[in-house]
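Residue numbers (the numbering used here): 141 to 761.
See structure below.
This is the structure in structure tokens:
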């Protein structure tokens, strides 16, 4: 379970040691790492799907029990997102090997660090390490967004950096507020403590959750915090922009995970906190993205606004609540991400043979009615080169996916969403479902109009354009992504069943599976509050046994603060061995504390155990 994080970490470290000028070797290491990630993701997905409850397991870094441990958790949803990330990484890496990886010195190392951060964000089971992995992926994305330099790219990149630094600050503030109220950052532990939060502390908890939500929603691109996204994605290098299609989904994934986990039906007075704002914001994001698509005069900006439409659709579906909506949203998330990544890669090939400002010129001619005159002058027959025909066919497929037209997976995804929205309540259809239905259909129509217009101007209305030179290594990843969308359509039943199972796992409150192992036990369900004393007593006994039963061999080795005991002469010289702790007189007959030789390290660990004890008493009071 740690492999999706460890593999890119070690690969990036090796690349940094080798240096950025050894591009062939770095590219080979990068490709090997990505192939390994694909294999690992497939293995994790099969293992999670085979598990009866969808929870593959929990990995405890440092072998500490939660809530003190750093845990990595793999379930169906996590495995699906890991596989989607590795597939996008494979496609973008192959595309970049044509020429983009040579533009900058550290492309491959930053690429691996980005994958490490994304995979870690999907895997982590506590908020603090979620913050750490977010910072890792953002630091790598800063370098990749600026890859290739250029005025437009640097300007958009600096805008992107500033916005995300502010979001990271809000992230840290929200995490601090939540920790101050609950005393833990473990997601499973948070879910069990939130229902028992005192009324006077609930306002502070919800404030921290709101601040944390603003940070996540900024990264997810929800309106009105999405103003940075179109410009950044349009200016980024094409393979980077294609990989960035998953970054907004990281924010969406965290919203889905934490909102259902912390503020689900079990959360007591905080149940469904912020759900209405999430629904309204998601619908507003769809509308904003659709209007942006219609107004875009550049294909890259059109694709960037389509990312907002995708993100808003998933957020709205999550907020509407029924498990069927969540399953459809997961299916749509996979389909739209693959289609948008293919579109970003395709745009670079289409724009390669066009003059700068060709889109603006085409719109101007259309506005003043000059296109008809040009068509009459040139005749009706136009020879289309093979490369243009191939790009046009791929563009049509991408249009079908992101607009939701049959026969590709975008239609199946939107049909599943609409069906779940109309069947959300057995008696009557809620008004929110009708609004979502109208917005979803109109956004698909707007995307279809915008992409059709852009495709005509780019591929059909310029007969005198230069034919772009397309290499096999560039077209193969685009075709592969489109074929995956087609495979998702052919295997729609299998994919939908998996998405339904993942959604059921989320709504079944899998947090009831304790995110740590009690020493001497197994992965047990969290007991009710009345029975937790037994579990935590065993936990605290394990803490004591781990940290206070430390032999002390030498005073100088551990930095001993020598304290003289009765009748002890060797201790004054710091040369004697430690006496057994049970021989300490009076109140010092404690494990880990010796009157003759006293180790600050042991003392520190002893008080850590005492702190855990007092926290447990407050928690179970």
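Where a beta carbon is used, it is the ideal one built from N, C-alpha and C, also for glycine.
These numbers were taken from a predicted model, which means no experiment stands behind them.
Straight-line CA distance for residue i to residue j?
i           : j           : result
residue 191 : residue 645 : 11 Å
residue 372 : residue 444 : 8 Å
residue 362 : residue 271 : 19 Å
residue 410 : residue 151 : 43 Å
residue 286 : residue 280 : 10 Å
residue 375 : residue 354 : 25 Å
residue 358 : residue 307 : 7 Å
residue 452 : residue 408 : 28 Å
residue 330 : residue 406 : 12 Å
residue 332 : residue 299 : 39 Å
residue 563 : residue 557 : 10 Å
residue 325 : residue 599 : 52 Å
residue 458 : residue 398 : 12 Å
residue 583 : residue 159 : 46 Å
residue 156 : residue 171 : 16 Å
residue 535 : residue 587 : 13 Å
residue 585 : residue 432 : 13 Å
residue 784 : residue 149 : One cannot answer for residue 784 here, as it falls past the ends of the chain, which runs 141 to 761.
residue 369 : residue 388 : 9 Å
residue 144 : residue 344 : 35 Å
Of the choices the options, whose alpha-carbon is the least far from that of residue i?
i           : options               : result
residue 310 : 282, 346, 352 and 318 : 352
residue 350 : 316, 194 and 375      : 316
residue 476 : 492, 490, 427 and 539 : 539
residue 186 : 215, 173, 175 and 176 : 215
residue 462 : 277, 438 and 419      : 419
residue 293 : 337, 380, 232 and 347 : 380
residue 632 : 553, 599, 421 and 217 : 553
residue 261 : 219, 290 and 302      : 219
residue 383 : 482, 426, 301 and 458 : 482
residue 360 : 339, 390 and 367      : 390
residue 278 : 423, 404 and 250      : 250
residue 283 : 377, 339, 627 and 322 : 377
residue 639 : 555, 472 and 400      : 472
residue 618 : 565, 526 and 484      : 484
residue 526 : 545, 295, 487 and 615 : 615
residue 589 : 434, 635 and 346      : 434
residue 488 : 336, 627, 609 and 302 : 609
residue 636 : 468, 204 and 295      : 468
residue 392 : 370, 356, 560 and 368 : 356
Please confirm if residue i has its CB atom under 8 Å from at least one CB of chain B.
i           : result
residue 355 : Any reference to chain B falls outside this structure, which holds one protein chain only.
Residue i and residue j: beta carbons closer than 8 Å?
i           : j           : result
residue 259 : residue 222 : yes
residue 550 : residue 543 : yes
residue 178 : residue 226 : yes
residue 238 : residue 611 : yes
residue 243 : residue 288 : yes
residue 276 : residue 255 : no
residue 267 : residue 318 : yes
residue 474 : residue 305 : no
residue 188 : residue 201 : no
residue 394 : residue 579 : no
residue 263 : residue 334 : no
residue 182 : residue 169 : no
residue 470 : residue 643 : yes
residue 121 : residue 365 : Residue 121 lies beyond the residue range present for the chain, which begins at 141 and ends at 761; the question has no answer from this structure.
residue 400 : residue 647 : yes
Measure how close the beta-carbons of residue i and residue j come, nearest whole angstrom, since I'm counting them as under 8 Å.
i           : j           : result
residue 273 : residue 257 : 5 Å
residue 460 : residue 641 : Not quite, the Cβ-Cβ distance comes to about 20 Å (not below 8 Å), so this is no contact.
residue 341 : residue 245 : That pair is no contact at about 50 Å.
residue 455 : residue 421 : 7 Å
residue 265 : residue 328 : 7 Å
So, at 8 Å on beta carbons, what are the nonlocal neighbours of residue i in its own chain, with the 5 sequence-adjacent residues on each side left out?
i           : result
residue 147 : 173, 176, 177 and 180
residue 592 : 539
residue 163 : 241, 242 and 248
residue 613 : 234, 235, 237 and 238
residue 416 : 459
residue 165 : 158
Excluding the 5 residues preceding and the 5 following residue i in the sequence, name in chain order all residues of the same chain whose CB lies nearer than 7 Å to its CB.
i           : result
residue 480 : 385, 443, 446, 447, 450 and 542
residue 142 : 199 and 212
residue 621 : 231, 478, 481 and 482
residue 103 : Only positions 141 to 761 of the chain appear in the structure, and residue 103 is not among them; the question remains open.
residue 625 : 475, 478, 479, 541, 548 and 549
residue 412 : 403
Can you find the residues in the same chain that come closer than 6 Å, C-beta to C-beta, to residue i, ignoring five residues on each side of it along the sequence?
i           : result
residue 594 : 439 and 442
residue 297 : 285 and 286
residue 490 : 531 and 598
residue 348 : 314, 317 and 318
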